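Chemist: Below is the structure I would like to discuss, written out as structure tokens.
There are 2 protein chains.
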Amino acid sequence: MSRRETTKLETRQLILEAARKLFHTKGPEQCTMRDIAREAGVSPASVVVHFKNKTALLEVALYEDIEKAIAGAVATMPQDACLHDRLMHIAQCMYGFYDNDRELYRVLIRDTTFEKAGQNPYLTKQLEDYLQFFGAMIEQEKLLGTVRFDADARIAASSLFSLYFSVLMEFLRNPNMPLNMALEWLAASAHQHLTGILTSKEGKGK
Amino acid sequence: MSRRETTKLETRQLILEAARKLFHTKGPEQCTMRDIAREAGVSPASVVVHFKNKTALLEVALYEDIEKAIAGAVATMPQDACLHDRLMHIAQCMYGFYDNDRELYRVLIRDTTFEKAGQNPYLTKQLEDYLQFFGAMIEQEKLLGTVRFDADARIAASSLFSLYFSVLMEFLRNPNMPLNMALEWLAASAHQHLTGILTSKEGKGK
DNA sequence: TTTTATTATTAAACACGTTCAACAACAAAA
DNA sequence: TTTTGTTGTTGAACGTGTTTAATAATAAAA
Numbered sequence: 063m064s065r066r067e068t069t070k071l072e073t074r075q076l077i078l079e080a081a082r083k084l085f086h087t088k089g090p091e092q093c094t095m096r097d098i099a100r101e102a103g104v105s106p107a108s109v110v111v112h113f114k115n116k117t118a119l120l121e122v123a124l125y126e127d128i129e130k131a132i133a134g135a136v137a138t139m140p141q142d143a144c145l146h147d148r149l150m151h152i153a154q155c156m157y158g159f160y161d162n163d164r165e166l167y168r169v170l171i172r173d174t175t176f177e178k179a180g181q182n183p184y185l186t187k188q189l190e191d192y193l194q195f196f197g198a199m200i201e202q203e204k205l206l207g208t209v210r211f212d213a214d215a216r217i218a219a220s221s222l223f224s225l226y227f228s229v230l231m232e233f234l235r236n237p238n239m240p241l242n243m244a245l246e247w248l249a250a251s252a253h254q255h256l257t258g259i260l261t262s263k264e265g266k267g268k
Numbered sequence: 063m064s065r066r067e068t069t070k071l072e073t074r075q076l077i078l079e080a081a082r083k084l085f086h087t088k089g090p091e092q093c094t095m096r097d098i099a100r101e102a103g104v105s106p107a108s109v110v111v112h113f114k115n116k117t118a119l120l121e122v123a124l125y126e127d128i129e130k131a132i133a134g135a136v137a138t139m140p141q142d143a144c145l146h147d148r149l150m151h152i153a154q155c156m157y158g159f160y161d162n163d164r165e166l167y168r169v170l171i172r173d174t175t176f177e178k179a180g181q182n183p184y185l186t187k188q189l190e191d192y193l194q195f196f197g198a199m200i201e202q203e204k205l206l207g208t209v210r211f212d213a214d215a216r217i218a219a220s221s222l223f224s225l226y227f228s229v230l231m232e233f234l235r236n237p238n239m240p241l242n243m244a245l246e247w248l249a250a251s252a253h254q255h256l257t258g259i260l261t262s263k264e265g266k267g268k
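If you're matching them up, the sequences are chains P and S in order. Per the numbering used here: the first sequence = residues 63 to 268. Per the numbering used here: the second sequence = residues 63 to 268.
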């Protein structure tokens, strides 16, 4: 690697570290690109050269921590628990993680997941992997006989994620909402999705 | 009403009309507050005095049309159709409505629903009414015997709305996604939520 | 009527994210 | 080595949403 490339990587790292520090301490909307540049010891223009815009910087600065949180949640998942409990274990880990800095992750999610598709490559990939994992879990439950064979695992995975995501947003939007309330709400929603709400005759009829 | 109050209302209306026009023609991110002010024949500062910020102006400028779309969807809802089909009728009407200007409504929803709770009074109220309506619909189904008595109607309403909302966002984020694809996706998700995915023994066991 | 208080309006300024033209450090070619 | 090309960096500037201090028009009080 040439001298040019190494110094470029170094400044990139300087910016990333400065960004991570200020995003957490001052909040993502209170800290400016100029703040980050000053903290990193580079010019504001340099920040943009390296990260295209503030949202992209936010994404790159935070996605690794999220990835670790997911990995931790999956690693500690109780293998013998039922589908519902395993889902709730993941949710509990992730909500707990986001609870460390709700404002920060609210802004991150707002500025990424609601952009036009194609931006946010890191978080997009995370979501895809996540959904794939969920889908595989549900497929496996079919083999165990707990999930019906005619149920579409991909639809189930994306639906359960939708429920997870909606409650998460409500959780992040309301700083006073206790973590337990969010988890209970999600548990009720997920349970409903697993068991349905129609009476037997109606449910079977479809 | 004093002369002062009437002229104030007039300028407010001028701004609103200018905003509605430019939001639709130029797009919400392309048209600036200065553009709107010029179109309305007032100063940029005046726009802020009347609407606090651009997002609030966006919300006020658009929520009435959304309200009309909801009202139309509810009014044309087939009374004798099953719960699933009635939900899908509403979704079809609303997705079709948003399809008229996906970019505009994507920005609106991003800038409102992801803000801290308490902002966006208009859209918040709309959502509350919407959920109440859904909940009542589901309660009624209980009396008809199609929905189980032990199912929580409020959880069901918010869950079904979450599914509706998630698919809507994906629809608005992807300009190439056909309307039908979004509707089919939602139909599959909603059907799953109504009927569940667990096998009978598992589902009943809970 | 005259004086005082209120308020709708705005020009000018500010803060921020971002762009651009120029520079300087490095690499490649002669 | 000298010349030429490449590229990481930046100061200055731009466009935008928003704030602020001042103005002018109206209402209320004397």
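The beta-carbon is built from N, C-alpha and C at its ideal position, and this holds for glycine as well. Here the structure is a predicted model, which is why all the values come from computation and not from measurement.
#1: Count the other CB atoms within 10 Å of the CB of PRO269(S); is the residue buried (16 or more) or exposed (fewer)?
#2: Assign ALA99(P) to one of two classes, buried (16 or more other C-beta atoms within 10 Å of its C-beta) or exposed (fewer than that).
#3: What is the DSSP secondary structure of ALA179(S), counted as helix, strand or coil?
#4: For VAL169(P), name the three-state secondary structure that DSSP assigns.
#5: Whose C-beta lies closer than 6 Å to the C-beta of LEU124(S) among residues of the same chain, with five residues either side of it excluded?
#6: Skipping 5 residues on each side, what residues in its chain have a beta carbon closer than 8 Å to that of HIS151(P)?
#7: Scan the segment 198-261 of chain P and note each continuous beta strand (DSSP E) run of 3 residues or more that stays entirely inside, going in chain order.
#8: By how many angstroms is the C-alpha of TRP247(P) removed from the C-alpha of ALA213(P)?
#9: Based on Cα-Cα distance, which residue from ASP161(P), THR175(P), ALA102(P), LEU260(P) lies nearest to MET243(P)?
#10: Where do the N-terminal and C-terminal ends of the alpha helix (DSSP H) with VAL136(P) fall, by residue?
#11: Mind checking which residues open and close the alpha helix (DSSP H) that includes MET270(S)?
#12: Looking at the secondary structure, which residues open and close the alpha helix (DSSP H) in which THR94(P) lies?
#13: With 8 Å as the threshold, decide whether the Cβ of MET231(S) is near any Cβ in chain P.
#14: Compute the Euclidean distance between the alpha carbons of ALA252(S) and LEU205(S), then round it to the nearest angstrom.
#15: If you measure from the beta carbon of ARG235(S) to each beta carbon in chain P, is any gap under 8 Å?
#16: Among the residues of its own chain, which have a CB less than 8 Å from the CB of ILE77(S), if the five just before and after it don't count?
#17: Near CYS93(S), which residues of its chain fall below 6 Å by C-beta distance, leaving aside the five closest residues on each side in sequence?
#18: Give me the Cα-Cα distance between SER221(S) and LYS70(S), rounded to the nearest whole angstrom.
#19: Buried or exposed: LEU256(P), going by 16 or more other Cβ atoms within 10 Å of its Cβ?
#20: Can you tell me the Cα-Cα spacing of ALA80(S) and PHE176(S), whole angstroms?
#21: Are TYR192(P) and ILE132(P) closer than 8 Å when you measure CB to CB?
#22: Please list, in chain order, the chain P residues whose beta carbon lies closer than 8 Å to that of HIS255(S).
#23: What residues in the segment 92-112 of chain P have a beta carbon less than 7 Å from any beta carbon of chain S?
#24: Please check if any C-beta of chain S sits within less than 8 Å of the C-beta of PHE176(P).
#25: Less than 8 Å between CB atoms is the rule here; does GLU67(P) satisfy it with respect to chain S?
#26: Please list the residues of the segment 198-210 of chain S that have a C-beta atom closer than 7 Å to any C-beta atom in chain P, keeping them in chain order.
#27: Run through DSSP, which three-state label would VAL110(P) get?
#28: With the cut-off set at 8 Å, would you say ALA277(S) and GLN254(P) are in Cβ contact?
#29: How is GLN141(S) classed by DSSP in three states: helix, strand or coil?
#30: Can you grab the Cα-Cα spacing for the pair THR208(P) / HIS146(P), in whole Å?
#31: Between SER217(P) and chain S, is there a C-beta pair that is closer than 8 Å?
Modeler: Reading it off the structure:
#1: With chain S covering 63 to 268 only, the question about residue 269(S) has no answer from this structure.
#2: That one is buried.
#3: strand
#4: helix
#5: LEU170
#6: ALA135, THR138, MET139, PRO140, ALA143
#7: none
#8: 24 Å
#9: ASP161(P)
#10: Following the DSSP letters along the chain, one finds VAL136(P) inside the alpha helix (DSSP H) bounded by residues 116-137.
#11: Nothing can be reported for residue 270(S): it is not among the residues displayed for chain S, which extend from 63 to 268.
#12: Neither: THR94(P) is in no alpha helix (DSSP H) and is coded neither H nor E.
#13: yes
#14: 21 Å
#15: yes
#16: The answer, listed in chain order, is ILE98, ALA99, ALA102, VAL104, SER108, VAL109, HIS112, PHE113, LEU119.
#17: LEU84
#18: 42 Å
#19: buried
#20: 26 Å
#21: yes
#22: What HIS255(S) touches in chain P: SER221, GLN254, HIS255, GLY258, ILE259.
#23: none
#24: yes
#25: no
#26: GLY207, THR208, VAL209, ARG210
#27: helix
#28: With chain S covering 63 to 268 only, the question about residue 277(S) has no answer from this structure.
#29: Coil at GLN141(S), not helix or strand.
#30: 11 Å
#31: It is Ile, not Ser, that sits at residue 217(P) in the sequence shown. Closer than 8 Å: yes.
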